[in-house]
Structure formats: C-alpha cells, structure tokens
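Protein sequence lines correspond, in order, to chains A and B.
Everything in the first sequence is counted per this note's numbering, starting at 1 for the first residue and increasing by one.
Everything in the second sequence is counted per this note's numbering, starting at 1001 for the first residue and increasing by one.
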Amino acid sequence: MVDSNHKGEVVFENVTRAVQTKKTETIILDHCSFVIESGKLTVLIGPSGCGKTTIINLIAGYEKPDRGKVLIDGKPVAGPDRERLVAFQETALFPWLTCYDNVMFGPLATKVMTREEAHEQAINLLEKVGLGDFLYKYPMQLSGGMMRRAELARALINRPTVMLMDEPFRGLDAMTRELMQEYYLRLVEESHGTHLFVTSEIEEAIFLADRLIIMTNKPSRVKHALDIDLPRPRIASVLRSKRYLELKALTLEILHEEAVKASMASGKADIAIDSGLRT
Amino acid sequence: MKNQINTIPEKINESDFVFERPSFLSKIFNLKMVLNTASVLSLFVIWGLLVNFGIYRFVLIPGPAEVLEWGIKWMGSKDFWMDASLSTLRVLGGFTFACLIAIPTGLMIGWNKIFSDLTFPTLEILRPIPGIAYIPIAILFFPWEEASVAFICFVGAFFPILLNTITGVKLIDRDYFRAAQCLGSKPRHIFWHIVVPGALPSISTGAALGMGIAWMASVAGEMISGKWGLGYRIWEAYTLIRYPLIVDGMIVIGLLGLGSSTLIRFITLRLIPWRKAITESLDESITK
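Written as structure tokens, this is what we have:
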C-alpha cells in the first residue's frame, strides 16, 4: 500500500503525555495510537486545546512521551532533527534576517548543498510563493500572509522527510487564508513528502487532506480517521462538489458529538488528577 | 499591478492634481527643529532669569554671560584641549574594555546554564558596589593615573552592559531556538546566528546606558586623582573660586556625553539594520 520510496511514516503507539504541576497532573494524550502514512498529507483536527500542538511537539522531538512510543520509519524520536520541520502557529521567521536570508538559513546551517544550489532554490521557492519582489525585506516589513509564505519557503527548501504544520494559517483573514491554502497545496503536491497539518477549521481540513484524523477532547485519542478521496490537484471548485459537502457533513457530525461531550464534561472542570500516581 | 487598473482616463489634466511643494522656509524651520531649539534655549533663559533676579540663592551661581566669557577664555587655552581629550580617552578606554568583557560574558550567562550558575552570584555581589567606591583601591593598585580613572569608568559601564546583554539573550523567543534546531542548526551555529543577533538590540541599549555612567564615573574619578580632565578642572575651579569655569566644565561634559551617545546610536543602527527597517515603516505609518 505504501510506496517503498517514501520515507517519513510516523507511528504513535499508545502514547500518553501528561503535564505535571506541583499538585495536579493533566493528561493531554491518553493511550493515543495512530499512523501518519508517508508521502501523504494528513490533517489533524479536533476541538481547541485537545493536544494537537503536543502531538506536533512529540514528533518534532521538543517533548518526550511519558508512556508509549513515537516512531519515525520504525525508529523512536530522539530530539529535534532537520528531518522533521515545524512551521509554527505564530511566525518564527528570524527578524534579524531578510526574507532571502531566512530561507537560506537551513541550507547554510547544515551545508547539505552548496551556496549556489541553495541560492537558486531559495529564489525559485520565494518566487513560487509570490515573494520574488520582497527578497531583501525584513520580516517586520512584510504582511502576515507574506510572513507565512516566507516561512513555508524556509521550511520546504530543506526537503524535510516530515513536515509539521501547527495551525500555520491561524489569524489570517479569510481571503489570505484561502490563497495560502492554494500556495501550500501547490508546494505539497510537488514535494511528495509526508505532511502533518494541524487545524481547527473543517473547511481547511477537508480541502487540504488526503487523510483526516479527528481527535477527541482532552484527554485526546483518535476518534475517527477518514480518507478524503477528492481529486488532486485540488482547486477551489472542489469546495462546491457533492463529495466535498458529504465529507463535510460527516466530519461535522463527528465533531459535534465531541463538542457536546466536551460541554457536558466542562462541569467537571479540567481532568485534574491528584498526583497519587507519583510516589 | 499596472494592467489590473483599466479605469484610469487616458488623458490626465495636470490641474486635477494639486502638488504641495514644500516651501523654503518650511524646509529649514520644520516643527521638530523649532521645538528642539526651543527646548535648549529655554534652559538658558530660565537659568539666566533665575540668576538675574537672584531668586533664592541663585545670586551665588554664575550667570550665562559670565560663563560664556570664561568659557571662551578657557577654550582658547591649551588646558581645555588637554582636559577634554584626556577625559574622552579615559571614558572611551574604560567603556571599550567594559564592552569587550561584559558582552561575551553576558551572552554566555544568558545562554549557558552552567556558566550562569558559575558566575552570576559573584557578579551579583559585585554589582551593588558603585564605581566611585573603587577609587581608593584603583589609586593604590594602578601605578598609572590614567589607568585608575579608566578603571573607574570601566566598572561604571560594565554592569549596565552585562545585565542588558543577559536580558537580551533571555528575551529571545523560544520558537527561534526551536526553529533553528529543526532547520539543522547546531549549538555553535545557534550561538552566532540566533543568540548574538537576537540580543543585539538589548546590548545596544546597555551600551548607551553604560556610556552615560562611564562619564559620570570619570568626573568622580578625576576630582580625586589626576592633573588634567574635566572633572579635575571643575574641582580646581571650585577651590580657586573661579565659579563660572565650573559651569563651563559641566556644559562641555554634557556636550561630549551627547556626542558619544550619538556615536553609539550611529554604530548600533549599522549593526541592527532590521531595527531601522522597523522604525522606518513605523514612521511611515504614523505620517500616513
């Protein structure tokens, strides 16, 4: 089923992750298991605060699971690595570097390609995301949408095996967001890498995804996984197709169930367990 | 852009547009300059009035006219140039050494936990000791009097630069480190490409502060040791009852201090071009 040329299969095996404060322990992920297939764009969707960012951090290696395993191509994650790239919620472009220098940062840090190769690719990518005229502007001189696009270029030039997108288009206005999704899809459809995209927007999720993973509310598990069989390359007209509307209705139904459960549970406040677990 | 706009009439009448050409007068007397000049002038006017009308004990203070007279005489003599240049050299010497030691130390303290635990407590004990308190020790220790005054300046400038450098590193967004890590940056690379540029704006603030304190310290140092220097000249003027010269000395220190902080601002703007870009775009949005 999986093309053997593709790398970057991510497997979560019974992963539990809890955050401990002095007196309480909040379980964020509870025996969470799922597979992110290589070479596909998987979208993770769930109510806000359900631990989506934690999943990103676990794959990136910024956090470690308390129980269970996070495996990349069969090997457990050991710390951050350039094979797994994160695009952050808020832009993390370096303000002291120009747009172009930001994109060149990865290649120059790792020296996996020569400066000339990197230069060519950087210019190429920046033009592709519509920043050809803004190469030597500093991030602060760019608009929100431009910054996100520069960040995409900065990540993709490194050809990561796994690309992790943590609500990268949050806070953009609707028009810019739509545009960003199209830029993003174009780049993904060319790159053939493994992508994990986290969002809380249903339209965005279905429009982008090959596979949709729906999370339950805290403590999180996988509630449902859907294959999105809309044709590629995806264009905006997909949003009016019958299949799209069916998928959206289905997703909404599943998410609604979760939302109801969440509002019922909210009377019990957060799942805060006295840390009797810790001796 | 151009081909999107189809609605522009082919012929444009010049009279449709009114260009406001800045007049000659408005070029010279823009509001900012007028206000700046007024600010400096008012200082002299208020001072002159207070002395002239002898309000409270201002009768004892020399007025602007006397100060000007003495100032011209002083500036014509060799003394003035020795005083001004020696003071400046002492301050710059102490300041430069402070930068050379405080900035690398601060970067390491901010970045490396072990180095921080190793050095920070000691520095915290030394910090509250004012530069002036070092004067006797400095005179004892240094065989050369220039070095002892420069050392006092060094102590004064050291801590503001150090503390601002540490804060500069600590305030760098965690996401920048994370982003650098997953872009394949190793610790050494992170130090030079994230820690150093990230802390630069704060370091420049520290340098400006440190420069001010170095001037302060130099005057105190020169009052006690030294045969030349602005601080020495002020004290000498007091003991010899040449009161107007005291004020002249103060004015020269003020001007030299202004000059050195302008120099620092100029240098740091060169080192931090992205800051300039930010302030320019801010200015634009304000004037719009």
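For glycine and all other residues, C-beta sits at the position ideal for the given N, C-alpha and C.
> Is A:Met175 close to chain B, meaning its C-beta is less than 8 Å from at least one C-beta of that chain?
Replying inline: By one-based count along the first sequence, residue 175 of chain A stands at place 175. Taking Cβ atoms only, chain B never reaches closer than 8 Å to A:Met175, which makes this a no.
>> Closer than 7 Å between beta carbons: that is the criterion. Which residues of the region 109-121 of chain A meet it against chain B?
In response: Within the region 109-121 of chain A, the qualifying residues are Ala109, Thr110.
>> Using a 10 Å radius around the Cβ and a threshold of 16 neighbouring Cβ atoms, would you call B:Phe1151 buried or exposed?
In response: Locating residue 1151 of chain B in the second sequence gives position 151, where the first residue counts as 1. Around the CB of B:Phe1151, 16 or more other CB atoms lie within 10 Å, so the residue is classed as buried.
> Looking at C-beta atoms only, is the number of pairs between the region 69-83 of chain A and the region 249-263 of chain A that lie closer than 8 Å three or more?
Replying inline: Output reads no: the region 249-263 of chain A does not touch the region 69-83 of chain A.
> Counting only beta-carbon atoms, is A:Ala60 nearer than 8 Å to chain B?
Replying inline: Numbered from its first residue, the first sequence carries residue 60 of chain A at position 60. So yes, A:Ala60 belongs to the interface.
> Pick from A:Met215, A:Asp101, A:Gln181: whose alpha carbon is nearest that of A:Pro47?
Replying inline: Taking the first residue of the first sequence as 1, we reach residue 47 of chain A at position 47. Cα-wise, what sits closest to A:Pro47 is A:Met215.
>> Give me the subset of the region 119-141 of chain A whose CB atoms are less than 9 Å from a CB atom of chain B, sorted by chain position.
In response: Answer in chain order: Lys137, Tyr138, Pro139, Met140, Gln141.
> Which value, in whole angstroms, describes the spacing of the CA atoms of A:Thr16 and A:Asp73?
Replying inline: Taking the first sequence and counting its residues from 1, the one referred to as residue 16 of chain A is at position 16. Taking the first sequence and counting its residues from 1, the one referred to as residue 73 of chain A is at position 73. Computed Cα separation, rounded: 20 Å.
>> Please report whether the beta-carbon of A:Val15 lies at a distance below 8 Å from any beta-carbon of chain B.
In response: Locating residue 15 of chain A in the first sequence gives position 15, counting from the first residue. No - not a single Cβ of chain B is within 8 Å of the one on A:Val15.
>> The beta strand (DSSP E) that contains B:Phe1159, what's its start and end?
In response: Residue 1159 of chain B sits at position 159 when you count from the first residue of the second sequence. Counting along the chain, no beta strand (DSSP E) covers B:Phe1159; the unbroken alpha helix (DSSP H) around it starts and ends at 1145-1170.
> Under the DSSP definition of a beta bridge, which residues are partnered with A:Thr21?
Replying inline: In the first sequence, residue 21 of chain A corresponds to position 21, counting from 1. Partner residues in a beta bridge of A:Thr21, as assigned by DSSP, do not exist.
> Pick from A:Arg221, A:Phe197, A:Pro219: whose alpha carbon is nearest that of A:Leu212?
Replying inline: Sequence index remark: in the first sequence, residue 212 of chain A carries index 212 (1-based). Nearest C-alpha to A:Leu212: A:Phe197.
>> If the cut-off is 8 Å on Cβ atoms, which residues from the region 1185-1202 of chain B count as contacting chain A, listed in chain order?
In response: Hits within the stretch, in order: Ser1185, Lys1186, His1189, His1193, Ile1194, Pro1197, Gly1198, Leu1200.
>> Cutting at 7 Å between CB atoms, please list the residues of its own chain near A:Met140, excluding the five before and the five after it.
In response: One-based indexing of the first sequence puts residue 140 of chain A at position 140. Excluding sequence neighbours, A:Met140 sits near Pro95.
> List, in order along the chain, the chain B residues whose C-beta lies closer than 8 Å to that of A:Asn158?
Replying inline: By 1-based counting over the first sequence, the position of residue 158 of chain A is 158. The answer, in chain order, is Leu1183, Gly1184.
> chain B partners of A:Val86, CB-CB under 8 Å?
Replying inline: As a first step, residue 86 of chain A must be located in the first sequence, where it is residue number 86. What A:Val86 touches in chain B, judged by beta-carbon distance under 8 Å, is Arg1178, Ala1179, Cys1182, going in chain order.
> Just by C-beta distance, which residues in the region 1047-1079 of chain B are closer than 7 Å to chain A?
Replying inline: Answer set for the region 1047-1079 of chain B: empty.
> Got a sec, what are the start and stop residues for the beta strand (DSSP E) A:Met146 sits in?
Replying inline: Counting from one through the first sequence, the residue named residue 146 of chain A turns up at place 146. For A:Met146, there is no enclosing beta strand (DSSP E); the enclosing alpha helix (DSSP H) has its first and last residue at 144-156.
> Which chain B residues are close to A:Arg186, counting only those with a beta carbon under 9 Å from its beta carbon?
Replying inline: On the first sequence, position 186 is the one that residue 186 of chain A refers to. For A:Arg186, there are no neighbours in chain B by C-beta distance under 9 Å, as the nearest C-beta there is about 22 Å away.
> Mind pulling the chain B residues with CB within less than 8 Å of A:Ala92?
Replying inline: Residue numbering aside, residue 92 of chain A sits at position 92 when the first sequence is read from its first letter. Asp1173, Asp1175, Tyr1176, Arg1178, Ala1179, listed in chain order.
> Is A:Gln20 buried or exposed, if buried means 16 or more other CB atoms sit within 10 Å of its CB?
Replying inline: Reading the first sequence from its first residue, position 20 is the one you call residue 20 of chain A. Classification of A:Gln20: exposed, given that the 10 Å Cβ count is below 16.
> Cβ of B:Trp1202 within 8 Å of Cβ of B:Gly1231?
Replying inline: Here residue 1202 of chain B refers to the residue found at position 202 when the second sequence is read from its first residue. Here residue 1231 of chain B refers to the residue found at position 231 when the second sequence is read from its first residue. Note that residue 1202 of chain B is Ser in the sequence shown here, rather than Trp. Cβ atoms of B:Ser1202 and B:Gly1231: not closer than 8 Å.
> Are A:Gly70 and B:Cys1182 closer than 8 Å when you measure CB to CB?
Replying inline: As a working note, residue 70 of chain A is residue 70 in the first sequence. As a working note, residue 1182 of chain B is residue 182 in the second sequence. It is Val, not Gly, that sits at residue 70 of chain A in the sequence shown. For A:Val70 and B:Cys1182, no; Cβs fall outside 8 Å.
> Across which residues does DSSP place A:Ala225 in a beta bridge pair?
Replying inline: Reading the first sequence from its first residue, position 225 is the one you call residue 225 of chain A. Looking at the DSSP assignment, A:Ala225 forms a beta bridge with A:Ile213.
> Any idea if A:Gly106 is buried or exposed, counting beta-carbon neighbours within 10 angstroms, 16 or more meaning buried?
Replying inline: Numbered from its first residue, the first sequence carries residue 106 of chain A at position 106. Buried, because 16 or more other Cβ atoms sit within 10 Å of the Cβ of A:Gly106.
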